[in-house]
Each structure stands twice: as structure tokens, then as C-alpha cells.
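Below is one structure, written out as C-alpha cells, with a few remarks after it.
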Amino acid sequence: MTLSVTDEEMALLLYDIQDIYGYDFNDYAKASLKRRINRLFVLDRFPSFAEFRFRLKNDAGYFDRFIEQITVNVTEMFRDPAFYLALRNEVLPQLATYPFIRIWHAGCSTGEEVYSMAILLREANLLHKSILYATDINAHVVQQAASGVFPMQHMKQYSENYILSGGRHDFSSYYTAGNNKVLFDVSFKKHMVFSTHNLAAESSFNEFQLIVCRNVLIYFDKDLQARVFDLFDTSLERLGFLALGSKESLRLSPANAKFRPVSEQKIWRKMI
Amino acid sequence: MAENDLSRISQCAVIGGSAGSLKVLLPMLAALDARLAFPVVIVLHRKNDVSTLEQLLKERCPLPVKEAEDKEDLRCGTVYLAPAGYHLLIENDRSLSLDASEKVLWSRPSIDVTFQSAAEAFGPGLLAVLLSGANSDGASGLEYIRYHGGRIIIQDPRNAEMSAMPLAALARLQPDLLLPDYAIASAINHFLAH
């Protein structure tokens, strides 16, 4: 058994990180965060906690790696196809009534769900009047997302997801393949804005008709979840939509009172 | 069940199973004491079918059975099921967290992930049960549980439909009890820490 970073040591690390780099991880769900920190500690073969801490405190480049590795970046195109089917059928017809559509992907990771959304919008003939804002705390994944380049190996799975989500076109018509990678249609990019944004610390930067934040809030504790729901509330127009991951809910948050569930999927609408 | 608000839950049972464990689990849950004074958390490897397993277990178990929800507080006498596609972690404050990070030993939910977090949250107040399975998930989690003083039951591999999982764990540690399937429920019912 590998012995690992203790609760006390983790508290020290989080204090250092906040002090030196200004990132506050104190309100992340502890068990999961500790697991990620231990994973990195083992992965990078530190002989002791003291050396791990020293490196983090004194090497800003290593702190970038810390952010990249501590945050979870598991994602896929058309993840949970039934969710995208619900977006097509229940949300896009409402968004179609607006002259201009603003969507925020909060915690966009490497961008797979942003491109999925762009495909939905194009198929609903709405992309020309839409802007997708895609943000993540992790600058590295934001850069990757902005490249529009994805690994070839997942395309078969994504194509299946796409069809299950109600897609009727040839999925491969949306990208050009080459060299184990695919490049998505560059015209999508004209409708995307990528940026880093830290949900735990930064404020609202626009008003949206739809906010998509899937499998991000599970890594936060209840208080931080409530604060982020407030941020989303502030960032949504009246009658705007909030879409969460398949096991996330507004239910335990005070903001719940302002929202109404509108689908079997995790989609809420702001009523006041 | 009434004690939740008055005192912190000090005991918990975690059960991990893979191939061949469902038919052990169904009669086992049916035989649990309806007045069980601690929560029971179950991690099963399975396909992404959502509610059928929960329904199956609900029909047989005298205790309330539910799919674990993110940030939900554990309650004594309730049986929680890790949702398909997510790791399930137990926080020190006795709440549950979900985690959609990479699979561990090709599994999500991973038995190791739940066992490790439970070991830290409950220490000697934890009872872990490892059932039939065809891979080695759970073995490393049981080592954490041993280190933190929890009690360990492994299904006797001679009695398991798939012996690989119990054998992988037995290669790394000796359990407190090595039991055939029909004897496990009673051991859970009589679990008292210390």
C-alpha cells in the first residue's frame, strides 16, 4: 500500500496555493480532491511530502501541472446522448425565438461538449446567431479546446453518441481526419470564445440564455455549489436555461426556488 | 436512524462486488436486520442500466435502498448504491461525493476508490465485504481499510462464482472473516466496532 498525503498535509498545500498563486481549493469536495492530489504525488514520484510541497511552492511551472492534473478532464462528445436529445427537442426551439443566442459552457474541459453544442445549433439552423463562451480553470485544456483538434480514436464512439442524440447526418462530415487526429470544421470557431475562468473565485461576465455546466459541481462542497448556483443565477436571463450533469442537482441549493425543472434530463429554467 | 443529528455516525459497512456477486447480494440484503444501526454502501460493477438494479434490491431488502446522490448525508439503516459511471467517495463529514474521473482498473465505479475513502472516514468503525468478481478491484482498498483499523470480510473463493477478486485480495492480506455467501448477512448484522 502506498502511504500518502494526509488531511493535515493537504490543508498545508491548499494554504500555500492560495497564498502564493491565489487559487482557492478549500471548498472543493475533500475526498475527491485528496485522491487527485495523492494521484499526482505518486505519479510524479516524490520521495516525501516535504519535497512535493517545496516544488509546488517554488516552481510556478509545476503549479500549472498541478492545476492540469488535479482537475478532472474526462469528457466526450454528446456525453449522455439523451441529454442532447432533450436539448434539441426542448431547449433549442425556445432559444430559436431570440435574435441572438449566448451560451456559456462553464468547465468546458477539452471542448468536446462545446463542439457537440455547435453541431446541434448548426443542425437547428441557429449557429449563425449564436456565440458559445467556453471557460475552464485549466488553461491547458482551454487551449486544447480552442484548437478544434481531437483524437481520432474516439470518433466511432462519438458518432454513435451523435446518432443516439437524434443526429441524422454523417458525423464524419463535421471534421477532416489526418494523422490520428481530426480537425473540426473551422467555421465553428467563429462562434466560439475560449477563456480561463475560475468558478470558485470569479464573477459573472455576461448574461446568457443557456448555461451548461456538467460534471463540474460534483467536485465542489455544498457551500461552493451554492455560490456557483448564485453565480449562474446572476448570469442567466429570466427564462434562461441551466443544464447540469446527470447526477447533479439544484435541489439542495437556495437558488432552487427560482428555477423549475423542464425535462427528464438535468435541465432547469429560471422563472424569476 | 434517529441519531443522525445528535451524534456523528461512527460505523459503516461497504460492500464491493463484480461478476457473480449479484446473486449473492440479493439474498444477503434480504437477510439484513431492518434495525441496522449504520449505513450500508454498495459498489457493483455493472453496465450502464440505470434503475433496474436499484429496483431489484429495493424489492428484497427490508431497509430503504437508494442510488447514492452527490453531497447527500449518510443515514443509518439506509442502503446506498453507487450510480453507474461514477466513483462514489465518502467524505469525513459523512456525506457522499460523486466523481467522474478516469476509470480505475477499468472500472467506474471503482471498489478501491470507495473503500479507500471509507477507510479514512470511518477508521475502525468500518466493515468491508468483498464478493465474487473477475478482476482485482478491491484488493488495494482493503489494504487501506486494514491500515485504518477496519474489519474485513472476503467471500470464500471456493464459494464464489468468480474467484479472481477474492483471491487477489487474499494474496495481499488475511481477512478477519472468510465466509461463504450465506453467512455474510449475519456477520453484517452483528457488526459492532471495537
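Protein chains in written order, with the numbering used here: chain X, 20 to 291; chain P, 215 to 408.
In this text, a Cβ means the ideal position worked out from N, Cα and C, and glycines have one as well.
Since the model is a prediction, treat every value here as computed from it, not as a measurement.
(message) To the nearest angstrom, how far is the alpha carbon of X:Ile230 from that of X:Tyr152?
(response) The residue you call residue 230 of chain X lines up with position 211 of the first sequence. The residue you call residue 152 of chain X lines up with position 133 of the first sequence. Those two C-alpha atoms are separated by around 9 Å.
(request) Return no unless some Cβ of chain P is closer than 8 Å to the Cβ of X:Ser178. (result) Taking the first sequence and counting its residues from 1, the one referred to as residue 178 of chain X is at position 159. So no, X:Ser178 is outside the interface.
(request) Using a threshold of 8 Å, state whether the C-beta atoms of X:Gly167 and X:Val212 are closer than that. (result) Counting from one through the first sequence, the residue named residue 167 of chain X turns up at place 148. Counting from one through the first sequence, the residue named residue 212 of chain X turns up at place 193. No, the Cβ-Cβ distance between X:Gly167 and X:Val212 is not below 8 Å.
(request) Name, please, each residue of chain X whose Cβ falls closer than 7 Å to the Cβ of P:Ser224. (result) As a working note, residue 224 of chain P is residue 10 in the second sequence. Under the 7 Å cutoff, chain X gives no residues; its nearest Cβ is about 18 Å from P:Ser224.
(message) Which of the three DSSP states is assigned to X:Thr94 in this structure?
(response) The count along the first sequence starts at 1 and reaches residue 94 of chain X at position 75. Here X:Thr94 sits in coil by DSSP.
(message) Does any residue of chain X have a CB that is nearer than 8 Å to the CB of P:Ala208?
(response) Here chain P covers residues 215 to 408 and nothing more, so residue 208 of chain P does not appear.
(request) Please classify P:Lys317: is it buried, with 16 or more other beta-carbons within 10 angstroms of its beta-carbon, or exposed? (result) The residue given as residue 317 of chain P occupies position 103 in the second sequence. That one is exposed.
(message) Starting from P:Arg222, trace the beta strand (DSSP E) in both directions and tell me its first and last residue.
(response) Looking up residue 222 of chain P in the second sequence gives position 8. Counting along the chain, P:Arg222 falls outside any beta strand (DSSP E), and DSSP gives it neither H nor E.
(request) Taking only beta-carbon positions, decide if P:Glu375 is within less than 8 Å of chain X. (result) Along the second sequence, read from residue 1 onward, the residue named residue 375 of chain P stands at position 161. No, P:Glu375 lies away from the interface with chain X (no Cβ there is under 8 Å from its Cβ).
(request) Output the boundary residues of the alpha helix (DSSP H) element that contains X:Met211. (result) Here residue 211 of chain X refers to the residue found at position 192 of the first sequence. It is not in any alpha helix (DSSP H) - X:Met211 instead sits in the beta strand (DSSP E) that spans Met211 to Thr215.
(request) Following the continuous alpha helix (DSSP H) through P:Gln269, name the residue where it begins and the one where it ends. (result) In the second sequence, the residue the question calls residue 269 of chain P occupies position 55. Unbroken alpha helix (DSSP H) run through P:Gln269: Thr266 to Arg274.
(message) Between the alpha carbons of P:Asn218 and P:Gly291, how many angstroms are there, rounded?
(response) Locating residue 218 of chain P in the second sequence gives position 4, counting from the first residue. Locating residue 291 of chain P in the second sequence gives position 77, counting from the first residue. Low confidence applies here, because P:Asn218 scores a pLDDT of 47, under 50, leaving its location unreliable; read the following figure in that light. Roughly 11 Å between the two C-alpha positions.
(request) Check whether the Cβ of P:Asp284 lies closer than 8 Å to any Cβ atom in chain X. (result) On the second sequence, position 70 is the one that residue 284 of chain P refers to. Judged by the 8 Å Cβ criterion, P:Asp284 is in contact with chain X.
(message) What does the alpha-carbon distance come out to for the pair X:Gln88 and P:Glu286?
(response) Taking the first residue of the first sequence as 1, we reach residue 88 of chain X at position 69. Taking the first residue of the second sequence as 1, we reach residue 286 of chain P at position 72. So the two alpha carbons sit approximately 26 Å from each other.
(message) Output needed in chain order: residues of the segment 26 to 56 of chain X with a Cβ under 9 Å from some Cβ in chain P.
(response) Closer than 9 Å at the C-beta level to chain P, one finds these residues of the segment 26 to 56 of chain X: Asp26, Ala48, Lys49, Ala50, Ser51, Lys53, Arg54 and Arg55.
(message) P:Leu288 and P:Leu271 - do their beta-carbons sit closer together than 8 Å?
(response) Here residue 271 of chain P corresponds to residue number 57 of the second sequence, with the count starting at 1. Here residue 288 of chain P corresponds to residue number 74 of the second sequence, with the count starting at 1. The answer is no: Cβ separation not under 8 Å.
(message) Between which residues of its own chain and X:Ala220 is the CB-CB distance below 7 Å, once the five residues before and five after are set aside?
(response) Counting from one through the first sequence, the residue named residue 220 of chain X turns up at place 201. These residues qualify, in order along the chain: Asp43.
(request) Mind listing, in chain order, the continuous beta strand (DSSP E) runs of no fewer than 3 residues lying wholly within the segment 149 to 233 of chain X? (result) 149 to 155, 168 to 170, 194 to 197, 200 to 203, 211 to 215 and 227 to 232
(message) Strictly below 7 Å CB to CB, what residues from chain C border X:Glu283?
(response) Reference to chain C is not applicable here, since the protein chains of this structure are X and P.
(message) Taking the straight line between their C-alpha atoms, what separation do you get for X:Asp38 and X:Phe207?
(response) As a first step, residue 38 of chain X must be located in the first sequence, where it is residue number 19. As a first step, residue 207 of chain X must be located in the first sequence, where it is residue number 188. Cα to Cα, X:Asp38 sits roughly 39 Å from X:Phe207.
(request) Check whether the Cβ atoms of P:Arg360 and P:Ile366 lie closer than 8 Å to each other. (result) Taking the second sequence and counting its residues from 1, one reaches residue 360 of chain P at position 146. Taking the second sequence and counting its residues from 1, one reaches residue 366 of chain P at position 152. The answer is yes: Cβ separation under 8 Å.
(message) For P:Ala216, count the other beta carbons within 10 Å of its own beta carbon; 16 or more makes it buried, fewer makes it exposed. Which is it?
(response) Locating residue 216 of chain P in the second sequence gives position 2, counting from the first residue. In this prediction, P:Ala216 has a pLDDT of 43, which is less than 50 and means its spatial position is unreliable; what the coordinates show is noted afterwards. P:Ala216 should be labelled exposed.
(message) Counting only Cβ pairs nearer than 9 Å, list the residues of chain X close to P:Glu305.
(response) Against the second sequence, residue 305 of chain P aligns to sequence position 91. Within chain X, the residues near P:Glu305 are Ala48, Lys49, Ala50, Ser51 and Asp240.
(message) Between P:Asp219 and chain X, is any beta-carbon pair separated by less than 8 Å?
(response) As a first step, residue 219 of chain P must be located in the second sequence, where it is residue number 5. Low per-residue confidence applies at P:Asp219: pLDDT is 49, beneath 50, and the placement is therefore not dependable enough to give any value.
(request) Kindly provide the ranges of any beta strand (DSSP E) runs that are 3 or more residues long and lie completely inside the segment 262 to 341 of chain P, ordered along the chain. (result) 279 to 281, 293 to 295, 301 to 304 and 310 to 313
(request) Since I believe X:Phe278 is in contact with X:Leu261 (beta carbons under 8 Å), could you give me their beta-carbon distance rounded to a whole number of angstroms? (result) Here residue 261 of chain X is taken as the residue at index 242 of the first sequence, counted from 1. Here residue 278 of chain X is taken as the residue at index 259 of the first sequence, counted from 1. Confirmed, about 7 Å.
(message) Between X:Lys209, X:Ala274, X:Ala30 and X:Phe71, which has its C-alpha nearest X:His147's C-alpha?
(response) Taking the first sequence and counting its residues from 1, the one referred to as residue 147 of chain X is at position 128. Closest option to X:His147, Cα to Cα, is X:Lys209.
(request) Would you be able to state if there are at least three C-beta pairs under 8 Å between the segment 324 to 332 of chain P and the segment 301 to 312 of chain P? (result) yes
(request) Find the nearest neighbour of P:Gly364 within the set P:Glu268, P:Tyr396, P:Lys261 and P:Pro389, judged by alpha-carbon distance. (result) If you number the second sequence from 1, residue 364 of chain P lands on position 150. For P:Gly364, the nearest C-alpha among the options comes from P:Pro389.
(request) Give me whichever residues DSSP pairs with P:Gln369 in a beta bridge. (result) What you label residue 369 of chain P is simply residue 155 of the second sequence in a count that begins at 1. Beta-bridge pairing links P:Gln369 to P:Leu393.
(message) Assuming X:Arg233 and X:Gly264 are in contact, meaning their beta carbons sit under 8 Å apart, how far apart are those beta carbons, in whole angstroms?
(response) As a position in the first sequence, residue 233 of chain X is number 214, starting the count at 1. As a position in the first sequence, residue 264 of chain X is number 245, starting the count at 1. X:Gly264 and X:Arg233 do touch by the CB rule: their CB atoms are close to 4 Å apart, below 8 Å.
(request) Give the straight-line distance between the Cα atoms of P:Cys275 and P:Gln269, rounded to the nearest whole angstrom. (result) To locate residue 275 of chain P, count along the second sequence from 1; it is residue 61. To locate residue 269 of chain P, count along the second sequence from 1; it is residue 55. Distance between the alpha carbons of P:Cys275 and P:Gln269 is about 10 Å.
(message) Short of 7 Å in beta carbon distance, which residues of its chain neighbour X:Ser223, apart from the five on each side in sequence? Order them along the chain.
(response) As a position in the first sequence, residue 223 of chain X is number 204, starting the count at 1. Excluding positions up to five away in sequence, the list reads Leu250, Thr253 and Ser254.
(message) Between X:Leu261 and chain P, is any beta-carbon pair separated by less than 8 Å?
(response) The residue you call residue 261 of chain X lines up with position 242 of the first sequence. Not one chain P Cβ lies under 8 Å of X:Leu261.
(request) Would you kindly report the start and end of the unbroken alpha helix (DSSP H) that includes X:Val247? (result) Position 228 of the first sequence, counting from 1, holds the residue named residue 247 of chain X. Taken as a continuous stretch (DSSP letters only), the alpha helix (DSSP H) holding X:Val247 covers Lys241 to Ser254.
(message) With the cut-off set at 8 Å, would you say P:Leu393 and P:Ala401 are in Cβ contact?
(response) Mapped onto the second sequence, residue 393 of chain P falls at position 179. Mapped onto the second sequence, residue 401 of chain P falls at position 187. Contact flag set, yes.
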